[in-house]
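Encoded as structure tokens, the structure appears first; notes follow it.
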């Protein structure tokens with residue numbers, strides 16, 4: 100990749116940083132939001148699952164409706180909408196208005212990642228697509244390292260509304276950088292349509308790949324959605340320490356994302372088998388590790404390492420499958436996979452919420468582990484089918 104391409108990818112990563120911060124910062128300030136708005140922690144948790152549901156449903160619909168838009172201008176519009184959504188969150192007087200602001204930012208978030216993933220992949224040769232997508236997703240990773248802990252700190256010191264105000268400023272900066280750095284991208288010869296959505300959904304190989312994404316992300320968020328109260332109630336840390344603990348978690352996530360990008364080059368699902376296997380183990384161990392304060396940091400590193408390691412792989416894989424099986428629907432396939440990310444987030448956080456309400460908060464760990472185990476089984480099936488159908492193995496290994 101030349102320097103021009105790298106700068107463009109970094110500008111996309113900066114936008115992803117702002118987007119990732121607003122999605123995940125709610126986890127660190129969940130208790131503050133619940134207390135201020137007079138709602139339960141579980142209801143506040145729906146600001147995570149509600150965001151994910153809005154993103155999952157809205158992304159493919161909006162991508163289809165706006166498929167003829169020039170990609171650079173479209174990315175700029177999406178960042179403007181995203182900024183306005185965060186500004187609404189800063190003044191939201193009720194839970195309902197805050198949820199509305201989350202819906203607005205969620206839809207712009209999903210479409211941004213769907214479009215930017217295809218833009219990033221198209222910038223580089225075929226054997227570098229995984230790396231290009233991982234650079235773009237690095238912004239999401241850095242959000243977990245710096246954005247979420249910093250946003251959590253701001254929310255705890257200055258009030259949770261200031262967390263969203265800070266994200267709005269970040270989004271505005273990312274918007275300005277994208278205007279300068281990202282070159283105009285040729286419009287797709289084929290505009291996405293509802294027929295493309297139908298063709299993808301009707302293809303069992305595409306559905307199997309999407310379900311792999313759903314269970315992988317669901318596993319992470321069954322536990323991660325409630326990590327702040329777990330660290331306080333189970334591990335015994337003070338609220339003031341949460342932002343630092345999330346920083347440690349985020350550094351582990353960054354390392355995992357880099358490894359995931361390397362594994363995504365070539366045949367992504369080959370490496371994903373091992374990612375999901377170890378993710379399942381990493382999610383199960385906290386049952387014994389997190390109640391021990393001295394082992395909490397080790398547990399957070401382990402969870403973080405595998406939390407998003409699948410991100411570049413599942414995104415690269417769905418694009419590769421679409422190119423082979425439904426070549427006219429690549430943009431829609433990317434959008435559907437972003438939806439699958441968030442269906443997983445919604446399902447994982449909802450199942451975690453059931454555990455918090457009706458079982459024990461640490462039951463979120465084994466629920467997440469089971470979901471990761473299902474993703475592992477689907478990865479094994481996908482890899483076996485690819486070899487049987489000779490889709491990628493011979494030309495990429």
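Residue numbers (the numbering used here): 100 to 496.
Even for Gly, the Cβ is constructed at its ideal location relative to N, Cα and C.
### Task
Determine the direct distance from the alpha carbon of residue 188 to that of residue 196, and round the result to whole angstroms.
Going by the C-alpha atoms only, they are around 8 Å apart.
### Message
If distances are taken between C-alpha atoms only, which option among 158, 143, 201 comes closest to residue 452?
### Response
Ranking the options by Cα distance to residue 452, first place goes to 143.
### Rounded C-alpha distance that separates residue 336 from residue 320
C-alpha separation (whole angstroms): 21 Å.
### Task
Determine the closest residue to residue 204 out of 135, 121, 415, with distance taken between C-alpha atoms.
The candidate whose alpha carbon is nearest that of residue 204 is 121.
### Task
State whether the stretch 355-373 contacts the stretch 429-442, with contact taken as three or more CB pairs (one from each stretch) at a distance under 8 Å.
In short, these stretches do not touch, since the Cβ pair count stays below three.
### 8 Å Cβ cutoff met for residue 307 and residue 436
No, these two residues do not count as a Cβ contact at 8 Å.
### Message
Is it buried or exposed, residue 208, if we count other Cβ atoms within 10 angstroms and call 16 or more buried?
### Response
Note on residue 208: 16 or more other CB atoms within 10 angstroms of its CB, so buried under the neighbour-count rule.
### Task
Kindly indicate which residue of 194, 266, 135, 389 has the alpha-carbon position closest to the one of residue 323.
From the listed residues 194, 266, 135, 389, the smallest Cα separation to residue 323 is found for 389.
### Query
Where does residue 489 sit, in a helix, a strand or coil, going by DSSP?
When DSSP states are grouped into helix, strand and coil, residue 489 belongs to the coil group.
#### Entry: Outcome for residue 184 when other beta-carbon atoms lying within 10 angstroms are tallied against a minimum of 16
Answer is buried; the Cβ neighbour count reaches 16.
### Task
Report yes or no: do three or more beta-carbon pairs, one from the stretch 151-167 and one from the stretch 249-264, lie closer than 8 Å?
By the C-beta criterion, the stretch 151-167 is judged not to be in contact with the stretch 249-264, since fewer than 3 inter-stretch pairs fall below 8 Å.
### Query
For residue 232, which of helix, strand or coil comes out of DSSP?
Three-state result, residue 232: helix.
### Message
Tell me the residue span of the alpha helix (DSSP H) that contains residue 158.
### Response
Counted as a single uninterrupted DSSP element, the alpha helix (DSSP H) harbouring residue 158 occupies residues 140-164.
### Enclosing alpha helix (DSSP H) for residue 361 [first to last residue]
In the DSSP assignment, residue 361 falls within the alpha helix (DSSP H) that extends over 341-363.
#### Entry: Residues near residue 345 by beta carbon distance below 7 Å, same chain, minus five either side
Within the same chain, and ignoring the five residues on either side of residue 345 in sequence, the residues whose Cβ sits closer than 7 Å to its Cβ are 127, 247, 248, 251.
### Query
Helix or strand or just coil, what does DSSP make of residue 425?
Three-state result, residue 425: coil.
### Message
Buried or exposed, going by whether 16 or more other CB atoms sit within 10 Å of the CB of residue 134?
### Response
Looking at its Cβ environment, which holds fewer than 16 other Cβ atoms inside 10 Å, residue 134 is exposed.
### Task
Please classify residue 441: does DSSP put it in a helix, a strand, or coil?
Residue state, collapsed to three classes: helix.
### Query
Helix or strand or just coil, what does DSSP make of residue 192?
Assignment of residue 192 by DSSP, reduced to helix, strand and coil, places it in the coil class.
### Task
Can you tell me which of 473, 454, 457, 439 puts its alpha carbon nearest to the alpha carbon of residue 154?
The option with the nearest alpha carbon to residue 154 is 439.
### Task
Compute the beta-carbon to beta-carbon distance between residue 147 and residue 483, rounded to the nearest angstrom, for a pair I have assumed lies under 8 Å.
That pair is no contact at about 34 Å.
### Query
Which of helix, strand or coil does DSSP assign to residue 366?
For residue 366, the secondary structure class from DSSP, reduced to helix, strand or coil, is coil.
### Message
With H, G and I counted as helix, E and B as strand and the rest as coil, what does DSSP make of residue 396?
### Response
Secondary structure at residue 396: helix, using DSSP grouped into helix, strand and coil.
### Task
Let me know the secondary structure DSSP gives residue 301 once reduced to three states.
If DSSP states are grouped into helix, strand and coil, residue 301 belongs with coil.
### Message
Going by C-alpha to C-alpha distance, which of 174, 178, 486 sits closest to residue 217?
### Response
Out of 174, 178, 486, 174 has the C-alpha closest to the C-alpha of residue 217.
### Message
With three or more C-beta pairs closer than 8 Å as the rule, is the stretch 298-305 touching the stretch 394-404?
### Response
Verdict: no, contact absent.
### Query
Could you give the distance in angstroms between the alpha-carbon of residue 410 and the alpha-carbon of residue 367?
Approximately 10 Å between the Cα atoms of the pair.
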